[in-house]
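Each residue of the sequence shown is one higher than the one before, counting from 1 in UniProt numbering. From the three backbone atoms N, C-alpha and C, an ideal C-beta is built for every residue, glycine too. Remember, it's a predicted structure, so these values are computed and weren't measured experimentally.
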Amino acid sequence: MITDKLLVEAPDSFQRAIPIAAPVSGKCASLSTLSDPLFAKGAWGPGFAIQTSESKARAPFEGTILAVDPLNYAITLKSTFGLKCIVKFGEQTNGLLGEKFQCEVKQGDKIKKGSLLFSVNSAWLKQQGVANICIMSVLNAQALKGLLPTQQKYVDGMQDSLFTLFL
């Protein structure tokens, strides 16, 4: 299973360690705490959730936009070093038809670390019963030695690493 890529310490041998910035600020949580079974069981790959009060998500690294899914409040990115991940806001957002999701990028766009990906109306989403959670999952974790999550309870978006990749 891909969730076995989550590490508790750095591997003994690796070629490269790459810190990946948190796309938003907030309290870190395991994907297993989510109600969405696909994310909770790691179907989209290992990753982390951030309980946030922010309404804007930023690019955690330099790369390219692979896909934009406004109905799912999600963007898929690929880094310059080959990492593919999804950044998603909220759970069970499909029925909202992308309302109050303001995407700032399109498929094929080149992005820099810190580029604004999207913003949401978090107050409106809360009224719809959607928790203010930003989810980040690694889609191609099989190419990694592993991911080491931050030990911090809270992360500062773009300042702190959410996890470190080991190649």
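Where does residue i sit, in a helix, a strand or coil, going by DSSP?
i           : result
residue 46  : coil
residue 147 : strand
residue 122 : helix
residue 10  : coil
residue 17  : strand
residue 64  : strand
residue 96  : helix
residue 31  : helix
residue 153 : coil
residue 69  : strand
Report all residues from its chain with a CB closer than 7 Å to the CB of residue i; omit the five preceding and five following residues, and keep chain order.
i           : result
residue 110 : 64
residue 144 : 5, 165, 166, 167
How is the alpha helix (DSSP H) around residue i delimited, first residue to last?
i          : result
residue 39 : 37 to 40
Could you tell me the boundaries of the beta strand (DSSP E) in which residue i lies?
i           : result
residue 136 : 133 to 138
residue 74  : 74 to 79
residue 56  : 56 to 58
residue 87  : 84 to 89
If you measure between the beta carbons of residue i and residue j, is that distance less than 8 Å?
i           : j           : result
residue 155 : residue 148 : no
residue 138 : residue 26  : no
residue 34  : residue 49  : yes
If contacts are defined as beta-carbon pairs under 8 Å, then residue i and residue j qualify, I think. What distance do you get, rounded to the angstrom?
i           : j           : result
residue 160 : residue 10  : So it is not a contact: roughly 17 Å between Cβ atoms.
residue 121 : residue 55  : 7 Å
residue 47  : residue 135 : 7 Å
residue 112 : residue 59  : 7 Å
residue 92  : residue 68  : Actually they do not touch by this definition, with Cβ atoms about 19 Å apart.
Apart from the five residues just before and just after residue i, which ones in its own chain have a Cβ nearer than 6 Å to its Cβ?
i           : result
residue 119 : 55, 56, 102
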